[in-house]
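Enquirer:
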Amino acid sequence: MEEGKLRFAWVIGTTWIQAMAASGELARKFLELTVENPNQVTSANVDAASNAPIRRADSGGMVIVDQDIYLQNSIGKQMADLVLPA
13 MEEGKLRFAW VIGTTWIQAM AASGELARKF LELTVENPNQ VTSANVDAAS NAPIRRADSG
73 GMVIVDQDIY LQNSIGKQMA DLVLPA
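For the sequence shown, my numbering gives the first residue as 13, with consecutive numbering after it.
1) Could you give the distance in angstroms between the alpha-carbon of Glu37 and the alpha-carbon of Leu94?
2) For Val58, which of helix, strand or coil comes out of DSSP?
3) My understanding is that Gly73 touches Asn51, with C-beta atoms under 8 Å, so please give their C-beta distance in whole angstroms.
4) Tell me which residues share the same chain as Arg67 and place their Cβ nearer than 8 Å to its Cβ, disregarding the 5 neighbours each side in the sequence.
5) Taking only three categories from DSSP, how would you classify Ala69?
6) Quickly, what does DSSP pair Gln79 with across the bridge? List them, please.
7) Beta-carbon separation of Ala21 and Ile76 under 8 Å?
8) Enumerate in chain order the residues of its own chain whose CB-to-CB distance from Gly88 is below 7 Å, with the five nearest sequence positions on each side excluded.
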């Protein structure tokens, strides 16, 4: 992930950023590959909304699905493209 090669992450029941060593650098990389990528969902149009994550992954960014009991800071609230219940 740090090298920018990961295109999709399905996070289940943990917040990777707080759980891993060097969490500050990991958080910066997650932000760079997700919310700082120009390919974001900006429309409620189904075609536009479904194509934005594909364009992001194709451009070198990352798509995140977060699955947890509670909505978590960072990954769930800020970075996830899709948030699912556990």
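Heads up, the beta-carbon is just placed ideally off N, CA and C, and yes, glycines get one too.
Expert: This is what the structure gives:
1) As a first step, residue 37 is located in the sequence shown; it is residue number 25 there, counting from the start. As a first step, residue 94 is located in the sequence shown; it is residue number 82 there, counting from the start. In a straight line, the C-alpha of Glu37 is about 23 Å away from that of Leu94.
2) The sequence position of residue 58 within the sequence shown is 46, counting from 1. Looking at Val58 - three-state DSSP - the assignment turns out to be helix.
3) The count along the sequence shown starts at 1 and reaches residue 73 at position 61. The count along the sequence shown starts at 1 and reaches residue 51 at position 39. Correct: roughly 6 Å between the Cβ atoms.
4) Locating residue 67 in the sequence shown gives position 55, counting from the first residue. Here the set comprises Asn51.
5) Residue mapping note: residue 69 aligns to position 57 of the sequence shown, counting from 1. Secondary structure of Ala69 (DSSP, three-state): helix.
6) By one-based count along the sequence shown, residue 79 stands at place 67. Looking at the DSSP assignment, Gln79 forms a beta bridge with Ile24 and Leu96.
7) Mapped onto the sequence shown, residue 21 falls at position 9. Mapped onto the sequence shown, residue 76 falls at position 64. Yes.
8) As a working note, residue 88 is residue 76 in the sequence shown. So the qualifying residues of the chain are Asp78, Asp80 and Val95.
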